[in-house]
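Position in the sequence shown (first residue = 1) + 344 = the working numbering.
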Amino acid sequence: MKIEIDNGSGFCHGVVTAIHKAEEELAKGGPLYCLGDIVHNSREVERLSEMGLITIDHEQFNQLHDAKVLLRAHGEPPSTYETARKNHIEIIDATCPVVLKLQQRIHQAYDTKAGPETQIIIFGKNGHAEVLGLVGQTQGEAIVIESLEEAKLLDMNKSIRLYSQTTKSLDEFRQIVEYIRQHISPEATFTFSDTICRQVANRIPNIRRFASSHDLIFFVSGKKSSNGKILFHECLTVNPNTHFIDSVDDINWNLLQDVQSIGICGATSTPKWLMESIQKAIMQKIQ
Ligand code: SF4
């Protein structure tokens, strides 16, 4: 039986850099806190926690003083930097450069917009860390839409500046752009920035190819990963025998009957070592 790991799956640059920064800081000694899970993968969070990384939430962060805190690739709103300054917190900033650039664009659009008649719209998931960081660039004024259906509810008599969370689907973003273009009032203006990360978008054709070339697919991802949900759905579309697993413990071994080839793939937040450990476990099982 053939058991293959998808070469194109695994951490994106932003996550690799954040994890390297954490490991570098941990090697220096002393406590290191991380604001939120460093990556949406509980196995990797556990590995780093064993090395000493302490994950905290925003409430705990607000109580912290004179400490060192790593900001993950998703980025943070300006209020987090303000709290750090007040509480003498040293920030190790691992915000992904792609997210940072998007934050700056939105900030600039907010600073230069022509009053309340212009709406800043973010296509993203409400409450997602990256989206909170983006909305924070507009003093909380940006409107978040999660789908084309929600785009249809926007006020088309006001001008629109449209942005997207970096991990959203490019296809859906294009549909939203098209809808607004067709429905915006002639008195209003519409501009959009395609701010979807190609580290994610480019994985879709690759993972579809990979998933369709195997009898059975194990898609490995943390349940909280947005990108994981998108890529899993892509695999499922081309191969209905695709199964979402968080670790080897989730494998239904009965699925291995009557298959000749198994593919293992995952999200931008899935560690390579986890996919390798799953491959090893399957090989031991079938021997
Ligand atoms: S998916 Fe793209 S934007 Fe998000 S952390 Fe990775 S490289 Fe950065």
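Think of the CB as a built atom: it goes at the ideal place given N, C-alpha and C, for glycine as much as any other residue.
Original post:
Less than 8 Å separating the beta-carbons of Thr439 and Leu415?
Top reply: In this structure, Leu415 lies closer than 8 Å to Thr439 by Cβ.
Original post:
Where does Ile498 sit, in a helix, a strand or coil, going by DSSP?
Top reply: For the sequence presented, residue 498 should be read as Leu rather than Ile. Coil, per DSSP.
Original post:
With respect to 7 Å, is the separation between the Cβ of Gln543 and the closest non-hydrogen atom of the ligand SF4 below this value?
Top reply: Flag set: Cβ of Gln543 near the ligand SF4.
Original post:
Relative to the alpha-carbon of Tyr651, which residue among Val479, Asp437 and Lys430 has its alpha-carbon at the smallest distance?
Top reply: The chain is shown from 345 up to 631; residue 651 falls before or after that span and cannot be answered.
Subject >> For His587, the three-state DSSP class (helix, strand or coil) >> reply: The answer is strand: DSSP assigns His587 an E or B state.
**OP:** Report the rounded CA-to-CA distance for Val475 versus Ile466, giving the unit in angstroms.
**Re:** Each residue's alpha carbon lies about 8 Å from the other.
Subject >> Spatially closest choice to Asn351 from Gly607, Arg387 and Ile622, by CA coordinates >> reply: Looking at Gly607, Arg387 and Ile622, the one whose alpha-carbon comes closest to that of Asn351 is Gly607.
**OP:** Answer yes or no: do Leu397 and Ile382 have a C-beta to C-beta separation smaller than 8 Å?
**Re:** For Leu397 and Ile382, yes; Cβs fall inside 8 Å.
Original post:
So does the stretch 567-577 actually touch the stretch 618-626, counting three or more Cβ pairs closer than 8 Å?
Top reply: Contact fails between the stretch 567-577 and the stretch 618-626, because fewer than three Cβ pairs, one in each stretch, are under 8 Å apart.
**OP:** Return the CA-CA distance between Leu492 and Glu516, expressed in angstroms with no decimal places.
**Re:** The alpha-carbon atoms of Leu492 and Glu516 are separated by roughly 7 Å.
Original post:
Cα separation between Cys541 and Arg505?
Top reply: Going from the Cα of Cys541 to the Cα of Arg505 covers about 18 Å.
**OP:** Verify whether the separation of the beta carbon atoms of Gly610 and Val544 is less than 8 Å.
**Re:** No, the pair does not count as a contact, with Cβ atoms beyond the cut-off.
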